[in-house]
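Chains B and U are the protein sequences, given in the same order. Residues in the first sequence are numbered consecutively from 1, following the working numbering. Residues in the second sequence are numbered consecutively from 1, following the working numbering. Structure first, commentary second.
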Amino acid sequence: MMPPVPQRRAFRLENPADAFAEYSREELARRADSEDDFDRALYERAAALVLERLRRDERETPK
Amino acid sequence: VIIEQLHAENVFKFVRLELDNLPRKGLIAVTGANESGKTAILETICFALFGRTFSLQGPELTELIHWGENRCSATLQFSGRDGASYWVTRFLDSAGKQGARLHRSDTGEILARGTAAVQESVLQKCGFDYGELLDSVYLLEEEAGAPSAPAATVKTLAGVAAMERVALEIRGEIQTHREQIGEVEEQIAQTRRQIQELGVEELTLERLEANEQELLEGIADAEVRLAGIEQAVAGLGQEMARFRQAVGELIANDQDGPAERWLARLANAEKALESVDRAALCVAGDQSAGPGAEIRVQIGALRANWAAFEDLRSQAVVQRKRLESLLSAQETEPSAQSEHEDEEPVPDSAEQAPGLLAQARHVETKLTATALRRGRARTALAIVLALGALAWLAWGLVSRPPETFAGSELVQWLTTQFPAVEIAVQQRWLLGCAILTSALSLVFLYRARALGSVVRRLDGQKTALANEIEALRNRVARLQGVEGLWVRDVVTTLIETGDEEAQAVTRAFSEGVGRTLVDEQAWSELRQTIQEAAQRYEERTAELRNRAEQAAAAIRGELTALRGEVTASGEQISAETERRDAARHLTETLAAFDGEIDTHRHEIAIREAALSLLSGVTRQRAERFSADLRSFVGRIMPLLTEQRYQHLHLGEELEVSVFSNEKHDFVRLSELSTGTQRQILLALRLALAEGLSEANGGEPGQCILLDEPFAFYDQQRLQATLNALPQISERLSQFWIIAQQLPAEASFARHVRCERDNDQLGSA
Chain B
1 MMPPVPQRRA
11 FRLENPADAF
21 AEYSREELAR
31 RADSEDDFDR
41 ALYERAAALV
51 LERLRRDERE
61 TPK
Chain U
1 VIIEQLHAEN
11 VFKFVRLELD
21 NLPRKGLIAV
31 TGANESGKTA
41 ILETICFALF
51 GRTFSLQGPE
61 LTELIHWGEN
71 RCSATLQFSG
81 RDGASYWVTR
91 FLDSAGKQGA
101 RLHRSDTGEI
111 LARGTAAVQE
121 SVLQKCGFDY
131 GELLDSVYLL
141 EEEAGAPSAP
151 AATVKTLAGV
161 AAMERVALEI
171 RGEIQTHREQ
181 IGEVEEQIAQ
191 TRRQIQELGV
201 EELTLERLEA
211 NEQELLEGIA
221 DAEVRLAGIE
231 QAVAGLGQEM
241 ARFRQAVGEL
251 IANDQDGPAE
261 RWLARLANAE
271 KALESVDRAA
281 LCVAGDQSAG
291 PGAEIRVQIG
301 ALRANWAAFE
311 DLRSQAVVQR
321 KRLESLLSAQ
331 ETEPSAQSEH
341 EDEEPVPDSA
351 EQAPGLLAQA
361 RHVETKLTAT
371 ALRRGRARTA
381 LAIVLALGAL
391 AWLAWGLVSR
401 PPETFAGSEL
411 VQWLTTQFPA
421 VEIAVQQRWL
431 LGCAILTSAL
441 SLVFLYRARA
451 LGSVVRRLDG
461 QKTALANEIE
471 ALRNRVARLQ
481 GVEGLWVRDV
491 VTTLIETGDE
501 EAQAVTRAFS
511 EGVGRTLVDE
521 QAWSELRQTI
531 QEAAQRYEER
541 TAELRNRAEQ
551 AAAAIRGELT
561 ALRGEVTASG
571 EQISAETERR
581 DAARHLTETL
591 AAFDGEIDTH
601 RHEIAIREAA
611 LSLLSGVTRQ
621 RAERFSADLR
631 SFVGRIMPLL
641 TEQRYQHLHL
651 GEELEVSVFS
661 NEKHDFVRLS
671 ELSTGTQRQI
681 LLALRLALAE
691 GLSEANGGEP
701 GQCILLDEPF
711 AFYDQQRLQA
721 TLNALPQISE
731 RLSQFWIIAQ
741 QLPAEASFAR
751 HVRCERDNDQ
761 LGSA
């Protein structure tokens with residue numbers, strides 16, 4: 001029985017956009033909990049901007 | 001994945017390429033001069049597995065077809081991660097049409113057809129796709145030789161290169177926004193200079209507008225005054241014409257008209273005088289300047305005359321109504337005494353009676369009743385006289401001797417009728433009756449005579465009342481219509497009424513206040529006086545009108561001057577408004593600039609936050625990457641560096657540093673020699689490949705494709721590396737090494753020699 005192809009490599013990140021989305025979600029939640037003056041809306045826009053750029057980079061960068 | 005055989009036709013420079021029975025372990029050296037086809041072998045392996053090469057994909061892929069041919073094919077036998085052997089075959093024609101097939105080597109079972117299906121199956125069998133091949137087991141010549149390769153490669157391998165690119169792009173955008181802020185600030189400064197040059201003062205426009213408003217109010221006031229004067233002058237003219245007509249009618253010599261007409265003329269004249277006075281007041285604007293005092297006195301005197309006449313005529317009317325009341329007053333109720341006709345009082349004069357007609361009716365009624373009673377008295381008298389005569393006759397017959405026929409018959413009848421009464425008694429009764437009836441006859445006679453006296457007296461009263469009523473009716477008839485009579489007619493009428501009081505009042509009027517109206521000469525003098533007063537009144541009014549027209553001319557001049565000032569003020573306001581509008585527009589522009597700056601700053605804030613997040617995720621991923629590879633690198637790197645370097649560290653930015661046993665400290669990769677850098681990166685690459693193989697699971701055994709990996713190695717380092725490679729890992733077993741030449745003393749499991757002029761390469 002052939003083992004399944006792993007979805008996450010030890011040496012290579014999963015899709016950068018997905019990785020960033022996960023990180024930003026956790027980071028925003030953490031900072032919202034710990035910082036009183038945290039501007040969540042600003043960071044959500046920033047995260048959306050980065051995600052859009054990462055997905056575009058993924059489409060446009062040759063492998 | 002272990003490559004077992006490779007067959008190809010018309011690929012790159014090779015018309016035929018056949019590499020059979022490739023060793024599963026050890027070094028497979030591929031050497032040859034430049035353009036001898038060494039790299040083409042590795043790219044043919046890539047094409048067979050993934051349908052593309054590092055340098056060619058998509059429409060450009062047809063460039064891998066050998067020159068002059070229109071199709072090519074490549075067949076690769078490999079053992080997958082499950083240990084089984086597979087054949088993958090690809091075809092490509094010059095039109096770009098590609099075919100693919102995957103089947104098992106032992107059974108010949110076809111597992112997939114078509115490029116998409118084969119690609120999916122190859123991923124399953126190998127455990128990695130083309131991207132992962134480049135990141136791990138395939139070390140490109142460009143990557144191995146490029147000076148900047150280490151950091152970029154590590155970042156690519158760590159998967160943060162995309163984030164770095166995005167971060168670079170975002171930093172560029174931040175810089176752009178900052179430059180744009182600078183440009184906007186310069187525009188703000190320029191705009192402020194323009195606003196300052198306009199020199200708009202805050203209250204200038206308001207002051208000008210207030211001044212203009214004052215001028216407009218002055219114009220409005222002057223226009224109102226002018227209109228008032230013009231209207232007053234026009235009104236004065238009209239009223240004066242009306243007054244002139246009214247005075248003309250008032251002094252007309254037609255005295256035979258009814259008094260009402262003269263009263264109406266007087267009222268009309270007074271009204272016209274009042275209107276003219278009002279108009280004159282409007283023109284002069286001063287009560288004291290009213291010119292109508294004299295004519296008002298004259299008309300007032302005439303009004304007094306007419307008022308006295310009104311009183312006189314009112315008395316005539318009162319007199320008439322009093323007489324009418326005497327005629328038509330209600331009939332008084334007869335008093336209790338009136339039943340006693342002898343004592344009833346009869347009024348001496350008409351004034352004392354409730355009403356002459358009522359009195360006449362009352363007298364008539366009483367007269368009728370009295371006459372009726374007198375008739376009844378006379379009738380009773382006749383009856384009583386007849387009865388007395390009969391009684392006396394009966395008594396005489398009864399009293400005479402019975403020989404007489406008549407007496408004897410009567411005595412006999414009485415004896416028969418009254419047998420119980422003696423004849424002597426009956427004789428006394430008859431005598432009594434005769435005496436009684438004779439007495440009653442006297443009474444009724446007296447009564448009839450008394451009533452006859454009353455009837456005569458009432459008849460006299462009736463006649464007197466009738467005469468008096470006739471006289472009153474004549475006086476009332478004379479006073480009828482006195483309201484519409486001319487003065488002298490009224491006077492005459494009142495004199496002729498015969499009423500002394502009325503006559504006295506009338507004479508007082510005629511000789512006193514009413515003389516002007518009664519006397520012809522006095523009336524003529526009064527008309528003359530009124531006419532002259534009216535003439536003087538008109539002259540004074542004309543003077544007022546002249547003065548008013550002069551005032552109107554002055555106001556017109558004032559208006560002309562004010563309108564000129566308004567025009568000048570309007571021009572100043574227009575210019576000031578334009579300046580203010582320009583300043584406002586520039587101020588709004590400033591606000592827009594501020595908004596732009598805010599927008600840029602907000603965008604910068606967003607991007608700085610984005611960079612913060614990217615930095616965080618990069619750091620996180622670098623740490624994870626470093627942790628993942630540390631154990632692999634720590635085992636492989638000493639073998640490749642002759643135990644000089646054992647520990648590798650990846651910083652936050654994935655910069656590589658290694659621990660130097662000689663320096664007892666971590667040193668950055670850039671501080672090492674180029675050869676050492678390549679050794680360490682090769683160790684990193686092999687660690688990644690081992691990690692990939694381990695992550696894939698399955699049977700050990702993985703090929704490594706190294707294209708010119710030793711360009712910067714000296715002979716000693718090269719030899720040491722060649723000796724170490726077969727021993728570094730149980731999982732990494734098959735090493736393809738592309739080089740122009742390798743040491744002759746090196747030991748290879750297979751050595752494939754390529755020649756520049758040979759387009760066929762077969763197994764040794």
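The C-beta atom is built at its ideal place from N, Cα and C for all residues, glycine as well. Nothing here was measured: the structure is a model prediction, and the numbers come from that model.
Q. Cβ of THR641 (chain U) versus every heavy atom of the ligand ZN: is any distance shorter than 8 Å?
A. This structure lacks the ligand ZN, and indeed carries no ligand of any kind.
Q.
If you measure between the beta carbons of GLY172 (chain U) and PHE735 (chain U), is that distance less than 9 Å?
A. no
Q.
Assuming HIS602 (chain U) is part of the alpha helix (DSSP H), what are its boundary residues?
A. 520-640
Q) So is TRP486 (chain U) buried or exposed if we call it buried at 16+ other beta carbons inside 10 Å? A) buried
Q | Cβ-Cβ distance between GLU209 (chain U) and ALA533 (chain U) below 9 Å | A | no
Q | From U:GLU655, U:PRO23, U:VAL30, U:GLN194, residue whose alpha carbon lies closest to that of GLU623 (chain U) | A | U:GLU655
Q | Pick from U:VAL166, U:LEU681, U:LEU387, U:ASP759 that is closest to LEU139 (chain U), judged by C-alpha positions | A | U:LEU681
Q. To the nearest angstrom, how far is it from the Cα of GLN7 (chain B) to the Cα of GLY127 (chain U)?
A. In this predicted model, GLN7 (chain B) has a pLDDT of only 44, less than 50, meaning its place in the structure is not dependable; the value taken from the coordinates is given anyway. Approximately 10 Å, taken between the alpha carbons.
Q | Beta-carbon proximity check, LEU92 (chain U) vs LEU61 (chain U), cutoff 9 Å | A | yes
Q) Which one of U:ALA95, U:ASP82, U:GLY108, U:ARG630 has the shortest CA to CA distance from LEU123 (chain U)? A) In this structure, U:ASP82 is the residue among U:ALA95, U:ASP82, U:GLY108, U:ARG630 with its C-alpha nearest to the C-alpha of LEU123 (chain U).
Q: Please name the residue, chosen from U:SER136, U:ALA575, U:ALA40, U:MET240, that lies closest to GLU543 (chain U) on a Cα-to-Cα basis.
A: U:MET240
Q: Classify PHE418 (chain U) as buried or exposed, calling it buried when 16 or more other Cβ atoms lie within 10 Å of its own Cβ.
A: exposed
Q) Is the shortest distance between the beta-carbon of MET163 (chain U) and the beta-carbons of chain B less than 9 Å? A) yes
Q: Return the Cβ separation of VAL160 (chain U) and LEU54 (chain B) in integer angstroms, given the expectation that the two are a contact with Cβ distance under 8 Å.
A: VAL160 (chain U) to LEU54 (chain B), Cβ: 11 Å. No contact.
Q: Could you say which of U:ALA450, U:TRP392, U:HIS600, U:PHE712 lies nearest to GLU185 (chain U) if we only look at CA atoms?
A: U:HIS600
Q.
So, under 8 Å CB-CB, ASN305 (chain U) and THR529 (chain U) are touching, yes? Tell me the CB distance rounded to an integer number of Å.
A. With a Cβ gap of about 13 Å, ASN305 (chain U) and THR529 (chain U) do not count as contacting.
Q | For THR506 (chain U), the three-state DSSP class (helix, strand or coil) | A | Reduced to three states, the DSSP call for THR506 (chain U) is helix.
Q: Count the other CB atoms, across all protein chains shown, that sit within 10 Å of the CB of THR674 (chain U); report buried if there are 16 or more and exposed otherwise.
A: exposed
Q.
Check whether chain U comes within 9 Å of ALA10 (chain B), counting only Cβ atoms and requiring the distance to be less than that.
A. Interpretation of ALA10 (chain B) is limited by its pLDDT of 42, a score under 50 that renders its predicted location unreliable; no figure is taken from the coordinates.
Q. Bridge partners of LEU19 (chain U), per DSSP?
A. U:LEU6
Q: Within 10 angstroms of the Cβ of GLY32 (chain U), are there 16 or more other Cβ atoms? Answer buried if so, exposed if not.
A: buried
Q.
Tell me which residues of the segment 23-51 of chain B have at least one Cβ-Cβ distance to chain U shorter than 7 Å, keeping chain order.
A. Those residues of the segment 23-51 of chain B that come within reach of chain U (Cβ to Cβ, closer than 7 Å) are TYR23, SER24, GLU27, LEU42, TYR43, ARG45, ALA46, ALA47, LEU49, VAL50.
**Q.** Straight-line Cα distance separating GLN98 (chain U) from ALA158 (chain U)
**A.** 33 Å
Q. Does the segment 461-473 of chain U come within contact of the segment 426-441 of chain U, defined as at least 3 CB pairs closer than 8 Å?
A. A contact between stretches requires three or more CB pairs, one per stretch, nearer than 8 Å, and the segment 461-473 of chain U fails this requirement with the segment 426-441 of chain U.
Q. When you compare only the Cα positions, how much space is there between LEU669 (chain U) and ALA720 (chain U)?
A. 20 Å
Q: Since I believe ILE636 (chain U) is in contact with ALA687 (chain U) (beta carbons under 8 Å), could you give me their beta-carbon distance rounded to a whole number of angstroms?
A: Sure, about 5 Å apart at Cβ, within 8 Å.
Q: Could you please give the first and the last residue of the uninterrupted beta strand (DSSP E) stretch that includes TRP67 (chain U)?
A: Looking at the DSSP string, TRP67 (chain U) is not in any beta strand (DSSP E), and its letter there is neither H nor E.
(Q) Does THR39 (chain U) pass the burial test, meaning 16 or more other C-beta atoms within 10 Å, or should it be called exposed? (A) buried
Q. Can you list, in chain order, the stretches of the beta strand (DSSP E) that have 3 or more residues and sit fully within the segment 98-144 of chain U?
A. 98-104, 110-113
Q) In angstroms, rounded to a whole number, what distance separates the CA positions of LEU193 (chain U) and ILE597 (chain U)? A) According to the sequence provided, residue 193 (chain U) is Arg. The question's Leu does not apply to it. Taking C-alpha positions only, ARG193 (chain U) is separated from ILE597 (chain U) by approximately 19 Å.
(Q) With a threshold of 9 Å between beta-carbons, can ARG193 (chain U) be considered close to chain B, or not? (A) Not closer than 9 Å to any Cβ of chain B, the Cβ of ARG193 (chain U) fails to qualify, so no.
Q) Which residues in the same chain have their Cβ closer than 6 Å to the Cβ of GLY762 (chain U), if we skip the five residues on either side of it in sequence? A) GLU18
Q: Work out the CA separation of VAL224 (chain U) and LEU559 (chain U) for me, nearest whole Å.
A: 11 Å
**Q.** Under 8 Å from the C-beta of ARG53 (chain B): neighbouring residues of chain U
**A.** VAL166, GLU169, ILE170
Q. Given LEU836 (chain U), which residues of its chain have a CB within under 7 Å of its CB, disregarding the five upstream and five downstream residues?
A. For chain U, the structure presents residues 1 to 764; residue 836 (chain U) sits outside this window and is missing.
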